[in-house]
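Colleague: If you use my numbering, the sequence shown corresponds to residues 100 to 334, in order.
Okay, handing you the structure first.
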Amino acid sequence: MRFLVADDHELIRQAVKSLLRGIDPEAQFDEADNWDTLAAAARPEANHDLAIVDLHMSGMESAASLTALLKANPALPLVVLSAEESVDEMRAVLAAGALGFVPKREPANVMVKAIELVLSGGAYVPIEALSLIDPTPARLARQSAAERPRPVMNMSAAPLAPHHLHLMENLSPRQREIMRLVHRGCTNKMIARELQVAEGTVKVHLSVIFRALGVHNRSSAIALINGWLQGGRTL
Numbered sequence: 100m101r102f103l104v105a106d107d108h109e110l111i112r113q114a115v116k117s118l119l120r121g122i123d124p125e126a127q128f129d130e131a132d133n134w135d136t137l138a139a140a141a142r143p144e145a146n147h148d149l150a151i152v153d154l155h156m157s158g159m160e161s162a163a164s165l166t167a168l169l170k171a172n173p174a175l176p177l178v179v180l181s182a183e184e185s186v187d188e189m190r191a192v193l194a195a196g197a198l199g200f201v202p203k204r205e206p207a208n209v210m211v212k213a214i215e216l217v218l219s220g221g222a223y224v225p226i227e228a229l230s231l232i233d234p235t236p237a238r239l240a241r242q243s244a245a246e247r248p249r250p251v252m253n254m255s256a257a258p259l260a261p262h263h264l265h266l267m268e269n270l271s272p273r274q275r276e277i278m279r280l281v282h283r284g285c286t287n288k289m290i291a292r293e294l295q296v297a298e299g300t301v302k303v304h305l306s307v308i309f310r311a312l313g314v315h316n317r318s319s320a321i322a323l324i325n326g327w328l329q330g331g332r333t334l
């Protein structure tokens, strides 16, 4: 797997990388220590499986920076690691599109479990923030992706809205591979075998693809694909 680790303290970056190697001993890393290096590293073609980002690096403007980052790369799965624990900030981070918020005070095993949860298609927030989370479409999309409903292959194609056209055009090559296989009715296990990746990697890709496309499940994604293909395009 490929991770993006962003923190202005090298010691924190090294500690996070060590934790991630416990999840994938062959993990590859890109690093950033301020907003400029983060924005440059978080390019869509880097195909990161997960970004772990400190919210208060030099040049960062809290959740507003995350919004800008995910607007440029809507398929990037992102977890915030922060020393700040304001519930308002937690809510703003989730509203910006982050899939998790992990306080730096948490022990290493909690951080690992939180990261594994996000990699499996879920989301993680501290318990004190749960009552503040609204059932937004983005959150519902993540939950539906985790449930993995069976695809409906005969859904009628509908003309794609301009924003859907833009999102489809900006899927990464790996995401297009996965959606080709979804369109063929493949399960997560079948996709993992075909692409020679872990099933958890497929789950997190599907979760962020659904979030990027603004859909809740495979059936809705397939309807978009059918509209895309009807326009003479290919995946």
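Glycine is no exception: its CB is placed at the ideal position from the N, C-alpha and C atoms.
Using a threshold of 7 Å, is the CB atom of PRO206 nearer than that to any non-hydrogen atom of the ligand ADP?
Modeller: With respect to the ligand ADP, the structure offers nothing, as it holds no ligand at all.
Colleague: At which residues does the beta strand (DSSP E) containing GLU130 begin and terminate?
Modeller: Its beta strand (DSSP E) spans residues 127 to 131.
Colleague: Contact defined as beta carbons within less than 8 Å: I believe GLU186 pairs with GLY199. What is the distance between those atoms, to the nearest angstrom?
Modeller: The amino acid occupying residue 186 in the given sequence is Val; Glu does not appear at that position. About 15 Å separates the two Cβ atoms, so there is no contact after all.
Colleague: In angstroms with no decimal places, state the Cα-to-Cα distance between MET252 and TRP134.
Modeller: At MET252 the pLDDT is 33, less than 50, meaning the model places this residue with poor confidence; the figure from the coordinates comes in the next sentence. Their Cα atoms are separated by approximately 43 Å.
Colleague: Let's see if you can read the secondary structure: which residues bound the beta strand (DSSP E) around SER181?
Modeller: 177 to 181
Colleague: Assuming ALA320 contacts MET278 under a Cβ cut-off of 8 Å, what Cβ separation, rounded to an integer in Å, is found between them?
Modeller: About 7 Å separates the two Cβ atoms, so the contact holds.
Colleague: So which of HIS108, ILE308, GLU276 has the shortest CA-CA distance to LEU294?
Modeller: GLU276
Colleague: Under 8 Å between the Cβ atoms of LEU180 and ASP153?
Modeller: Yes.
Colleague: If the criterion is Cβ atoms closer than 8 Å, does the pair VAL307 and ALA174 meet it?
Modeller: yes
Colleague: Under the three-state reduction of DSSP, which class applies to ARG204: helix, strand or coil?
Modeller: coil
Colleague: Closest to LEU305 by C-alpha separation, out of ARG292, GLN274, VAL296, would be which residue?
Modeller: GLN274
Colleague: Cα separation between ARG101 and ALA163?
Modeller: 25 Å
Colleague: Excluding five sequence neighbours on each side, which residues of the same chain lie with their C-beta closer than 6 Å to the C-beta of PRO176?
Modeller: LEU149, LEU198, VAL303, VAL307
Colleague: Quick check: what's the CA-CA separation for LEU137 versus ASN316?
Modeller: 30 Å
Colleague: Could you tell me the alpha carbon to alpha carbon distance between GLU160 and ALA207, rounded to whole angstroms?
Modeller: 27 Å
Colleague: Apart from the five residues on each side of it in sequence, which residues of its chain come closer than 8 Å, Cβ to Cβ, to LEU216?
Modeller: GLY199, ALA222, TYR223
Colleague: Which term fits ALA257, buried or exposed, when burial requires 16 or more other beta carbons within 10 angstroms of its beta carbon?
Modeller: In this prediction, ALA257 scores a pLDDT of 42, lower than 50, which makes its location untrustworthy; the coordinate-derived value is nonetheless stated afterwards. Flag for ALA257 reads exposed.
Colleague: What residues in its chain sit with their C-beta under 7 Å from that of GLU184, if we drop five residues either side in the sequence?
Modeller: PRO202
Colleague: Is the beta carbon of ALA145 sitting closer than 8 Å to the one on ASP129?
Modeller: yes
Colleague: If you follow the beta strand (DSSP E) that VAL104 is part of, which residue opens it and which one closes it?
Modeller: 101 to 105
Colleague: Less than 8 Å between C-beta atoms, sequence neighbours within five positions excluded: which residues of the same chain meet that for ALA191?
Modeller: SER161, ALA162
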